[in-house]
Every structure is written in C-alpha cells, then in structure tokens.
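Trainee: When we follow UniProt numbering, the leftmost residue of the sequence shown carries the number 1, and every step to the right adds one.
We put the CB at the ideal spot given by N, CA and C, even for glycine.
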Amino acid sequence: MHKGPFSYNRRRTGAEKFKKITAFHSFFLKQNPLPNASN
1 MHKGPFSYNR
11 RRTGAEKFKK
21 ITAFHSFFLK
31 QNPLPNASN
C-alpha cells in the first residue's frame, strides 16, 4: 500500500503548483475582472 516518498513528493509538488496557479488566477482576475470569472 505504501508507495514511498516519491508519490508523497508528487502529491506535494502538485499541491504547490495548484496553490501557485490559484494565486496567479486570483491576482489575474483582480487585475482583469471577467464576466465569466466563475469558471
């Protein structure tokens, strides 16, 4: 069941990328409000 540190690091890296992308989109939408900002 335990796949070792590699899968953990992959999940952690994915979460970090997701946080960065989310922060970037939040910043971008604040600078450029769009009608379909809910997407």
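What number of angstroms, rounded off, separates the C-alpha of residue 30 from the C-alpha of residue 15?
Mentor: Straight-line Cα distance between these residues: approximately 22 Å.
Trainee: Roughly how many angstroms separate the alpha carbons of residue 8 and residue 23, rounded to a whole number?
Mentor: 23 Å
Trainee: Under a three-way DSSP split, which group does residue 9 fall into?
Mentor: helix
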